[in-house]
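Just so you know, the sequences run in chain order A and B.
Heads up: the first sequence at position 42 corresponds to 42 in the working numbering, and the numbers run straight through without jumps.
Heads up: the second sequence at position 15 corresponds to 15 in the working numbering, and the numbers run straight through without jumps.
Right, one structure below, let's go through it.
Protein chains: 2
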Amino acid sequence: MGGMPVVMEGALADLGAWKTDHCSLVKALEVVGTRSALLILREACYGTTRFSGFAGRIGITDRAAAQQLRRLTEAGLLAKRPYREDGGRTRDEYVLTEMGSDLFPVIVALMQWGDKHLQDGPAPLHYVDHETGAPLHVELRTETGDTLELEQVGVRKNPAWHAPNRTPQPNSPS
Amino acid sequence: MGGMPVVMEGALADLGAWKTDHCSLVKALEVVGTRSALLILREACYGTTRFSGFAGRIGITDRAAAQQLRRLTEAGLLAKRPYREDGGRTRDEYVLTEMGSDLFPVIVALMQWGDKHLQDGPAPLHYVDHETGAPLHVELRTETGDTLELEQVGVRKNPAWHAPNRTPQPNSPS
DNA sequence: GGTCTGGCTATACAAGGAGCAAGCCAAAGC
DNA sequence: GCTTTGGCTTGCTCCTTGTATAGCCAGACC
């Protein structure tokens, strides 16, 4: 069992005394906090670029696909790029930006968790190093390469942090 | 910029020819695909265990908290544990199971992505090795410790995979 | 000019998440 | 036995996500 959580360092230890006002997780969930957004990004990582590919492979309606593609493009995770098939007009396809492909670890982490806890049998797909075939995993590591258990992790305030717009408030990070 | 996606190996290369029927990501999103579910789990990782702590710190209503705590408990990410404060009746608190704490990398990965792409200034919080203070990161790594770019990643069918209930269909993994 | 096609939009609707506010309930303590 | 307290439920409402179905629109080709 888990049980023991992370170590909240310093002033963070008193959970009643601070708020998670600027939490990056909250901001992230505002952008990719829906099922269809993450599935669109999975598809984009798989190499899907065209409207009908997204809608068809994910199994969502045109409307849902169009809406999410627009949202993700506006947010900067996808970029439109014109293309042209012979005998067709020029259209836009959707390719990952750096911001979008930086989400790949999130997708693999969720996939890995689902593989372990939600599949009846073995995992259907593997992520590997394409060159060597070595299996890939998402891991929490320090620069020196150590992986940690949850209870060995510490959370601390970033001393360089300051409130985004004026009035640097001292007491509400995250 | 990103641009190049992962390498779909073998039969997976033809995206039109297979479906993502058993994708672990889809299953994972059915359990933790909502904002409030992930925020509850963030709080559980931070050490919050009690009803009012979840509702109050996340800033959601009692109703939403109760609903998610029930869902996550039924799904096996949280477990109820009785406790008793002096002068109070016994009640249940919610602690992470192994299944729940295995989601921590997902939370950190999302947080890290938000830190990089959605914060106006520096990140408000840091995750570190509590012992040494060394910063923690989520990384895609092979067993030999190499980290990869997106275009070096390969996706392949698991040869050991079989459809969960009878009729092992040959053509629809993930 | 007419038609076809793929990408996208429009309308109408159902389901679920979540807010507000109030109420319920099982001890503990008076 | 009445009140208090914290945890949880209920009724009602709004908003978002997603479905189903249909329609629009800009070219390319005829």
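From the three backbone atoms N, C-alpha and C, an ideal C-beta is built for every residue, glycine too.
| message | For a minimum of 4 consecutive residues, which ranges assigned as the alpha helix (DSSP H) are wholly contained in the segment 21-46 of chain A? | response | 24-32, 35-46
| request: Quick one: which unbroken alpha helix (DSSP H) runs of 4-plus residues sit fully inside the segment 107-156 of chain A? Chain order, please. | output: none
| field | At least three beta-carbon pairs within less than 8 angstroms, the segment 129-143 of chain B to the segment 130-147 of chain A | value | yes
| said: Is it buried or exposed, residue 100 (chain A), if we count other Cβ atoms within 10 angstroms and call 16 or more buried? | reply: On the first sequence, position 100 is the one that residue 100 (chain A) refers to. Buried, by the Cβ-count rule.
| field | residue 37 (chain B) beta carbon less than 8 angstroms from that of residue 68 (chain B) | value | Locating residue 68 (chain B) in the second sequence gives position 68, counting from the first residue. Locating residue 37 (chain B) in the second sequence gives position 37, counting from the first residue. Yes, the Cβ-Cβ distance between residue 68 (chain B) and residue 37 (chain B) is below 8 angstroms.
| message | Taking contact to mean 3 or more Cβ pairs, one atom from each stretch, closer than 8 angstroms, check whether the segment 71-87 of chain B and the segment 54-66 of chain A are in contact. | response | no
| task | Identify the contact partners of residue 119 (chain B) in chain A, using a Cβ-Cβ distance below 8 angstroms as the criterion. | result | Position 119 of the second sequence, counted from the start, is the residue given in the question as residue 119 (chain B). Near residue 119 (chain B) (Cβ distances below 8 angstroms), the residues of chain A are 22, 24, 27, 164.
| field | Contact with chain B by residue 104 (chain A), beta-carbon distance below 8 angstroms | value | Locating residue 104 (chain A) in the first sequence gives position 104, where the first residue counts as 1. Closer than 8 angstroms: yes.
| said: Quick check: what's the CA-CA separation for residue 129 (chain A) versus residue 5 (chain B)? | reply: If you number the first sequence from 1, residue 129 (chain A) lands on position 129. If you number the second sequence from 1, residue 5 (chain B) lands on position 5. One C-alpha to the other measures close to 13 angstroms.
| So, do the segment 112-120 of chain A and the segment 18-37 of chain B have three or more beta carbon pairs nearer to each other than 8 angstroms? | yes
| For residue 114 (chain A), does the count of other Cβ atoms within 10 angstroms reach 16, so buried, or fall short, so exposed? | By 1-based counting over the first sequence, the position of residue 114 (chain A) is 114. Buried, because 16 or more other Cβ atoms sit within 10 Å of the Cβ of residue 114 (chain A).
| request: Determine, using beta carbons only, whether residue 123 (chain B) and residue 97 (chain B) come nearer to each other than 8 angstroms. | output: Stepping through the second sequence from its first residue, residue 123 (chain B) is reached at position 123. Stepping through the second sequence from its first residue, residue 97 (chain B) is reached at position 97. No; because the gap between Cβ atoms is not below 8 angstroms, this pair is not in contact.
| task | Determine the DSSP secondary structure at residue 72 (chain A), reduced to helix, strand or coil. | result | Mapped onto the first sequence, residue 72 (chain A) falls at position 72. Note: residue 72 (chain A) maps to helix in three-state DSSP.
| said: I need the straight-line Cα distance from residue 103 (chain B) to residue 110 (chain A), nearest angstrom please. | reply: As a position in the second sequence, residue 103 (chain B) is number 103, starting the count at 1. As a position in the first sequence, residue 110 (chain A) is number 110, starting the count at 1. Going from the Cα of residue 103 (chain B) to the Cα of residue 110 (chain A) covers about 8 angstroms.
| message | Strictly under 8 angstroms for the Cβ-Cβ distance: is residue 107 (chain B) near chain A by that measure? | response | Counting from 1 along the second sequence, the entry for residue 107 (chain B) is found at position 107. Chain A contact via Cβ: present.
| said: Can you find the residues in the same chain that come closer than 6 angstroms, C-beta to C-beta, to residue 105 (chain B), ignoring five residues on each side of it along the sequence? | reply: Counted from its first residue, the second sequence places residue 105 (chain B) at position 105. Excluding positions up to five away in sequence, the list reads 138.
| message | So if DSSP puts residue 91 (chain A) in a beta bridge, which residue, or which two residues, is it bridged to? | response | Taking the first sequence and counting its residues from 1, the one referred to as residue 91 (chain A) is at position 91. Looking at the DSSP assignment, residue 91 (chain A) forms a beta bridge with A:83.
| First and last residue of the alpha helix (DSSP H) that includes residue 53 (chain A)? | As a working mapping, residue 53 (chain A) is identified with position 53 in the first sequence. Taken as a continuous stretch (DSSP letters only), the alpha helix (DSSP H) holding residue 53 (chain A) covers 51-58.
| query | Under a CB-based cut-off of 8 angstroms, is residue 83 (chain B) close to chain A? | reply | Stepping through the second sequence from its first residue, residue 83 (chain B) is reached at position 83. With 8 angstroms as the cut-off, residue 83 (chain B) does not count as an interface residue toward chain A.
| Distance between beta carbons of residue 153 (chain A) and residue 127 (chain B), contact taken as under 8 angstroms | Taking the second sequence and counting its residues from 1, the one referred to as residue 127 (chain B) is at position 127. Taking the first sequence and counting its residues from 1, the one referred to as residue 153 (chain A) is at position 153. Confirmed, Cβ separation roughly 6 angstroms.
| said: Report the CB separation of residue 41 (chain A) from residue 77 (chain A) in whole angstroms; it is logged as a contact under 8 angstroms. | reply: Here residue 41 (chain A) is taken as the residue at index 41 of the first sequence, counted from 1. Here residue 77 (chain A) is taken as the residue at index 77 of the first sequence, counted from 1. Indeed, because the Cβ distance is near 7 angstroms, the residues count as touching under 8 angstroms.
| field | Candidates B:158, B:15, B:132, B:91: closest to residue 50 (chain A) by CA position | value | For this step, residue 50 (chain A) is matched to residue 50 along the first sequence. Residue B:15 is the option with its Cα nearest to residue 50 (chain A).
| message | Can you confirm whether residue 127 (chain B), when its beta carbon is compared against all beta carbons of chain A, has any partner nearer than 8 angstroms? | response | Taking the second sequence and counting its residues from 1, the one referred to as residue 127 (chain B) is at position 127. True, the Cβ-Cβ gap to chain A drops below 8 angstroms.
| In or out: residue 132 (chain A) buried (at least 16 other Cβ within 10 Å) or exposed? | Translated into positions along the first sequence, residue 132 (chain A) becomes position 132. Classification for residue 132 (chain A): exposed.
| request: Have a look at residue 93 (chain B) and residue 162 (chain A) and give me their C-alpha separation to the nearest angstrom. | output: On the second sequence, position 93 is the one that residue 93 (chain B) refers to. On the first sequence, position 162 is the one that residue 162 (chain A) refers to. Going by the C-alpha atoms only, they are around 34 angstroms apart.
| field | Where residue 169 (chain B) sits in the DSSP three-state scheme | value | Here residue 169 (chain B) refers to the residue found at position 169 of the second sequence. Confidence is the limiting factor: at residue 169 (chain B) the pLDDT is only 47, short of 50, which leaves the residue's position unreliable and the question unanswerable from this model.
| field | Same chain, Cβ closer than 6 angstroms to residue 151 (chain A), neighbours up to 5 away in sequence not counted | value | For the purposes of this step, residue 151 (chain A) is identified with residue 151 of the first sequence, where counting begins at 1. Closer than 6 angstroms at the Cβ level, and outside the excluded window around residue 151 (chain A), lie 4.
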